Each structure stands twice: as C-alpha cells, then as structure tokens.
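Numbering (the working numbering), first residue to last: 13 to 672.
Quick reminder that beta carbons are idealized off the backbone N, C-alpha and C, glycines included.
Only a predicted model underlies this, so the values are computations on that prediction, with no experimental measurement involved.
All remarks here apply to the structure that follows.
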Amino acid sequence: YTSLNNKKCKYNFIVWFQLLEKNIVSFMKSELKKMQKVLSPDYPEGSAGQKEDEEVLDGEEEEQMRSSGEAFLKITLNLLRRMKQEELADCLQSMCQHELKSNLKKKFQCVFEGIPKAGNPTLLNQIYTELYITEGGTAEVNEEHEVRQIETASRKPHRPETPIGQEDLFKASSGGEEPIRTVMTKGVAGVGKTVLTQKFTLDWAEDKANQDIQFTFPFTFRELNVLKEKKFSLVELVHHFFTETKEAAICRFEEFPVVFIFDGLDECRLPLDFHNNEVLTDVTESTSVDVLLTNLFRGNLLPSARLWITTRPAAANQIPPDCVGLVTEVRGFTDPQKEAYFRKRFRDEEQASRIISHIKTSRSLHIMCHIPVFCWITATVLEDVLKTTEGGELPKTLTEMYIHFLVVQSKVKKVKFDGGAETDQHWSPETRKMTESLGKLAFDQLQKGNLIFYESDLTECGIDIRAASVYSGVFTQIFREERGLYQDQVFCFVHLSVQEFLAALHVHLTFSKSGVNLLAEEQTTSLWSKVFRYKPEPIYLYQSAVDKASQSRNGHLDLFLRFLLGLSLETNQTILRGLLRQTGSSSLTNQRTAQYIKRMISENHSPEKSINLFHCLNELNDDHPSIPPHYQVEGRDLNVIELSTYRGQQQLLPPRRVLR
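Here it is, written out as structure tokens:
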C-alpha cells in the first residue's frame with residue numbers, strides 16, 4: 013500500500029512538473045516576444061486569436077506577473093552578458109528608457125502661447141529663452157504680492173549671485189559634501205517654472221543633458237490633486253502615469269538613477285501632513301497619494317531618488333526645510349533676455365526696437381516684463397495696436413495694456429468663432445456675458461486666494477461646467493482648461509495679473525450697473541437708492557478700495573487696486589465702449605481720489621505700500637503729485653520720484669527711481 017502511494021505521488025510529482033515546465037516555457041516565450049517586439053519594431057504582431065486567448069488577470073495576479081517579468085528580465089540580461097552579448101544586453105536594459113524618452117519628447121517638444129493653432133505648433137526649442145536662475149536662498153514663505161516682490165527686487169542694489177543653468181540643478185554646490193537629493197525652485201506666477209521643467213525633461217529625452225539619469229518622471233500637482241481619494245503604492249503611481257515602466261515590469265526604481273519632478277506645489281490641494289502621516293518605506297505598499305508624497309519628500313521612500321519641486325514663494329513652507337537640499341529661484345528675464353524675447357517675437361528690426369524702447373520708458377511695464385507671460389501679453393497687445401493704429405500712441409500703463417489685451421481677445425472671438433470682420437463691433441451680448449462671468453469668477457476666487465479652479469469652484473460662481481469649456485475654447489489666452497490623466501477638468505487664468513484685472517473689471521461693472529460696492533462691508537443697495545434711484549458717488553468705491561488694499565499685510569490687492577483706479581479714467585472706458593457704460597467718474601473724481609492717495613502716502617509707514625500708491629497715481633495719470641516732505645524730488649520733473657528715506661523705516665540706498 014505504501015509502495016503504491018509512493019508510485020502515485022511520484023507520478024503526480026512528474027505530471028505537476030510537466031505542467032510547471034509547460035507554464036514556464038509559455039511564460040518565457042511570451043516575455044521573449046515582448047522583448048523582441050521592443051527591440052525590433054518590425055517584429056510581427058501576434059494573431060487576433062492569440063490576443064483573445066491572453067488571460068485577464070486580477071490586481072494581485074497582475075502584480076505577481078509584473079514581479080515575475082522583472083525577475084525574468086534580470087535572468088535574461090545575466091545570460092546575455094554570459095554569452096558575451098553586451099550590446100544586446102545594454103539595448104534590452106535601456107528599452108524602457110527609450111520608450112519613455114520617445115513619449116516625453118512627443119509631450120514636451122511643442123508649446124502654445126495663447127490660442128493653439130492646429131497644424132502650426134510652436135517648438136519649445138525654437139522659442140525658449142534662457143531664464144535667470146539663481147542658487148541660494150531659503151524655503152521660507154514670502155506672502156507678499158508677487159508683483160511687489162519683483163518691484164522690491166528691482167530696487168535692491170545688485171549683489172553677487174550664483175546663476176545656475178537648468179541642466180545643472182543637481183550638480184550645483186550646496187556648500188556640503190553630501191549630494192543634493194531635493195531641489196526647490198521658487199518663482200512668481202508666470203515667471204516660467206513650468207516651461208523650465210519641460211525644457212529640463214525635453215533636454216534629457218533628446219539626450220542633450222543629464223544622461224547619467226536613467227528615468228525622469230515629471231508630475232504636476234494639478235494631476236495629483238485629482239487622485240486625492242485614491243490609493244496607490246509608489247510603484248503603482250509611476251506605472252499609472254508612465255505606462256512604459258509598467259509594460260517593462262520595472263518595480264525596483266532604487267536600482268536606477270531617477271529624477272521625480274513635482275511642478276506647482278502652490279496648486280497642491282493634498283494635506284501634505286508631514287507631522288502626522290504614517291512612515292512608509294515599502295515602494296509596493298498602497299496608501300493615499302498624500303502619504304506617498306510626504307514619505308518620498310522625507311526620504312523614507314526611494315532615498316536614492318532625486319527630487320525637483322517648483323512653487324510660488326507663498327507656498328514654499330509646505331515642505332519642511334530639512335527636506336530640501338538646495339533652494340533656487342527663477343528671476344524670469346534679465347534686461348538682455350527681455351530684449352532677446354521681443355527680437356525673437358518681432359522679426360522686423362525697426363518694430364522690435366520701437367517696442368523695446370517703449371517698454372523702457374514705462375517703469376511699470378519694464379518691471380513686469382521680468383515675467384515671461386507678461387512679455388507675451390505685451391507682445392500680443394503691441395502687435396495689434398501697431399497693426400490697427402498706424403502711428404498711434406502705444407499703451408503706457410498696466411491698465412491700458414490689459415484693456416487692449418481684453419479687446420484683442422474679443423476681436424479674436426468675433427473673427428475666429430463668429431465669422432465676423434475685424435471692423436465689426438466685437439462686444440456681442442454673448443461676449444459680454446462671457447467677460448462678466450469670468451470677472452465674477454476672478455473676483456470670488458481672488459478673495460479666496462485660488463489660482464486654479466475645479467468644477468465645484470465654478471458651480472459656486474454660477475458657471476456651468478459646459479459653459480466653462482466654451483469660455484476656455486473661445487478665450488483661451490485668458491482662461492484655460494486643462495485635462496489630467498482622468499480627463500478631469502481644471503481651469504485657470506493665463507496669469508494671476510489677468511485674474512486681478514478681470515476681478516477689478518467685475519467690481520467696476522457691478523458698481524456702474526447697480527451702485528453696489530463689492531469692497532464695502534455692507535454690499536446691499538440702500539432703500540433710498542432704490543426709491544429715489546440714488547447712485548453712490550464713485551469716489552466712495554475708490555476710497556474703500558485704497559483702504560482695503562492698504563490694510564492687506566501681503567499686498568495681495570496691490571495690482572487689483574491699480575487696475576480698478578485705471579478703469580475709472582474715461583479714456584480707458586472709451587476703449588471698452590460696448591462692454592462698459594460710463595460710470596460718471598469725472599476728472600474731479602479722479603482728482604479727489606488722487607488727493608486721497610497722496611494723504612495716505614503722507615501717513616503711510618510702509619515703503620512697499622507707498623510705492624504701490626505712487627503706481628496708482630500713475631494709473632490715474634496724475635502727473636503732478638504733491639510729494640510729502642520725506643520724499644525728495646529731482647528738479648521740476650514730478651514724474652521722477654526719489655525714494656531716499658522713510659519715517660521709521662530702513663533707508664533705501666542708493667536712492668532709486670519710480671518712473672511712469
């Protein structure tokens with residue numbers, strides 16, 4: 013009986029091993045076919061019948077097969093090297109990298125400025141202008157309005173700084189012997205951080221730089237926000253966004269030099285709770301995306317990986333300082349880089365020189381042109397103005413520039429989408445409704461400090477998601493719609509300054525139509541105004557705006573205030589005829605507003621607030637301000653204001669000029 017059992021067991025053993033051998037051979041053939049297909053694009057596809065017979069696996073089985081595939085790849089590489097087939101082994105090992113590079117090249121080789129032109133994409137390498145990036149600084153938060161930060165930097169005496177190229181970010185000297193793991197790059201909105209990450213990725217994909225890196229994985233927080241409620245392991249997250257790694261069954265990224273790019277920390281809507289999140293060290297363990305990121309940033313996950321995080325200054329403190337090895341800052345364009353941009357944009361030498369010369373005469377415009385997006389807005393406007401008003405005056409103030417920008421977009425809508433002529437009246441009822449809706453969205457979200465909006469944000473403002481898609485299709489240069497991996501819609505204005513301009517326009521329109529001051533504590537019209545059709549004087553709107561902006565600690569309403577005051581000028585309202593009705597704001601109102609601002613300057617102890625108020629006077633075209641005693645004035649030219657000392661404040665030496 014025992015002997016019979018032994019024979020039976022031996023027979024079963026042989027049968028099971030035959031089945032196992034059959035399965036192993038089948039698996040090996042399948043994996044070898046995958047490798048042959050990658051190594052040789054001409055390798056014939058399997059028949060339709062074979063594809064139908066492919067087994068559908070559940071999540072756990074799929075993970076086991078991926079792990080087996082990775083193990084088989086290692087065995088295959090080892091055998092090829094033992095067979096002295098080094099070249100084939102190297103080729104096989106880099107096949108996933110080739111696929112990833114190919115797909116990243118397709119994704120990042122083209123960029124669009126404004127409205128994408130079908131069949132006429134702009135190559136990133138053709139239009140890319142080097143940005144001024146400096147090494148050093150801290151990851152401390154800076155809550156000041158970003159235009160104020162640019163203006164403050166423009167007044168500071170030049171200090172020795174270490175410029176750094178985007179290709180050398182991880183090679184920079186951080187003052188220590190340890191290699192740099194995490195680089196944080198700060199920069200104001202629109203300064204070019206996203207394009208910088210795209211250029212870094214494209215240069216790697218095109219074998220131009222950083223070839224010591226095996227894999228570059230660019231993520232955006234906009235895409236990661238959508239996964240807030242989902243669970244992934246780090247390996248699954250990479251496989252989810254970069255399917256090439258999944259197909260190659262790569263699950264152990266610690267074996268390769270890897271760079272993770274996380275663009276737009278300021279747009280992150282994940283908690284990033286570094287203090288209370290669980291510690292995670294296993295790259296195959298599933299958890300929330302929030303926990304994954306905090307552990308990756310801490311170095312608990314993939315300590316050998318290199319990380320690059322970009323952010324606006326106000327959000328820099330979301331990552332603890334001890335998690336950041338090097339802080340860099342994108343300063344935007346230097347003066348020579350500004351000129352280079354406009355000479356690339358305008359091939360006509362005379363036209364380019366006139367535009368550059370014009371920008372230099374206005375300090376406000378010249379400072380703003382540190383921001384690449386503002387250079388594009390300026391180029392868009394001046395191109396149209398030069399074409400339509402032969403020999404006419406070019407916009408000098410920020411408000412004029414943004415009014416013309418809005419007019420250009422309304423023209424595009426009329427001609428491109430409605431089939432009208434450029435000479436037609438471009439403020440149709442539909443365009444007016446679009447502009448008013450976007451203005452309300454801009455104002456409501458500015459109050460909350462949001463630069464990107466999801467469906468819930470639009471619903472709160474009474475904008476239907478379908479209408480928002482139409483707006484983004486028509487007013488692409490003002491309002492953008494983006495879609496992540498899950499096709500979730502994300503909306504934003506092309507730049508913070510555009511949002512601030514439209515917010516000011518909304519406040520202006522609301523007041524001119526109903527007399528409601530959205531900046532006042534009480535926003536309802538009084539019984540008297542309803543019964544007697546009494547309309548509050550515009551001066552109260554402007555005074556409340558000046559007060560509210562002055563009360564802001566970080567200057568987040570500085571630019572909004574400039575735009576609102578600029579919209580009070582009849583000359584600017586005339587340009588927007590068809591959209592705006594006259595507010596009744598007269599030159600007397602503007603004079604009273606200017607006097608109110610001058611009184612605020614005389615009482616103000618903050619250099620930054622005072623300087624913004626001087627910019628407000630420029631927007632009001634107040635050419636002869638009464639300068640307080642503690643400001644020095646050169647001769648009789650009252651457009652040049654020397655700011656030498658402030659009561660109780662630090663001295664600004666040498667004195668700097670604030671020009672119109």
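- The beta-carbon distance between T390 and I371, rounded to whole angstroms, is 7 Å. This is short enough to meet the 8 Å contact definition.
- Sorting N584, G590, A326, M196 by C-alpha distance to the C-alpha of L463 places A326 at the top.
- A straight-line Cα-Cα distance of about 16 Å links I176 and D215.
- The way I'd put it, the region 342 to 358 doesn't touch the region 301 to 319; fewer than three beta-carbon pairs between them come closer than 8 Å.
- Annotated three-state conformation of I379 is helix, per DSSP.
- Under the three-pair Cβ rule at 8 Å, the region 352 to 361 does not count as touching the region 221 to 229.
- Taking 8 Å as the cut-off, the Cβ atoms of L600 and H520 do not count as close.
- When rounded, the separation of the alpha-carbon atoms in Q421 and K525 is 23 Å.
- Exclusion of the five residues before and after Q210 leaves F120, V123, L136, P230 as the residues of its chain whose Cβ lies within less than 8 Å of its Cβ.
- Remark: C-beta atoms of T392 and F575 do not approach each other more closely than 8 Å.
- The criterion of a C-beta distance shorter than 8 Å is satisfied by H251 and K258.
- T197 is positioned such that its CB atom lies closer than 8 Å to that of T340.
- Look at I192 here: in three-state DSSP terms it is coil, with no helix or strand label.
- In the DSSP assignment, E341 falls outside any alpha helix (DSSP H) and within the unbroken beta strand (DSSP E) covering 338 to 342.
- Per DSSP, K96 has no beta-bridge partner at all.
- DSSP places R318 inside the beta strand (DSSP E), whose first and last residues are 318 to 323.
- Its chain contains K560, A561 as the residues whose beta carbon lies nearer than 7 Å to that of L569, once the 5 sequence neighbours on both sides are disregarded; these appear in chain order.
- DSSP, reduced to helix, strand and coil, places P332 outside both helices and strands of the structure shown, so it counts as coil.
- C122 carries a strand assignment under DSSP once its states are collapsed to helix, strand and coil.
- As for any alpha helix (DSSP H) of minimum length 4 sitting wholly inside the region 191 to 274, the runs are 205 to 217, 233 to 237, 246 to 253, 255 to 259, ordered along the chain.
- Judged by beta-carbon spacing, G337 lies within the 8 Å limit of V195, meaning their Cβ atoms are closer than that value.
- Taking 8 Å as the upper bound for CB-CB distance, E512 and L458 are in contact here, some 6 Å apart.
- Here S374 is buried. Its C-beta has 16 or more other C-beta atoms within 10 Å.
- Closest option to E533, judged by alpha-carbon separation, among L553, L514, E620, A515: L553.
- Relative to L508, the option among E73, A201, Q30, K46 whose CA is nearest is A201.
- Scanning its chain for C-beta atoms nearer than 7 Å, with the 5 sequence neighbours on each side dropped, one finds around H627 the residues S376, R574, in chain order.
- When DSSP states are grouped into helix, strand and coil, F505 belongs to the strand group.
- For I475, no alpha helix (DSSP H) encloses it, and the DSSP letter there is neither H nor E.
- Nearest in C-alpha terms to T322, of all of E267, K96, L277, is L277.
- DSSP places I587 in the uninterrupted alpha helix (DSSP H) bounded by 582 to 587.
- Residue range 145 to 147 is occupied by the beta strand (DSSP E) that includes E147.
- As the crow flies, the alpha-carbon of E297 is around 30 Å from that of Y466.
- When the five nearest sequence neighbours on each side are left out, the beta carbons in the same chain lying within less than 8 Å of the beta carbon of C473 are those of S449, K452, L453, D456, Q457, in order along the chain.
- Annotation for R281: no alpha helix (DSSP H) segment contains it, and DSSP assigns it neither H nor E.
- For Q76, the number of other beta carbons within 10 angstroms of its own is below 16, and it is reported as exposed.
- Rounded to whole angstroms, the gap between the alpha carbons of A515 and L394 is 23 Å.
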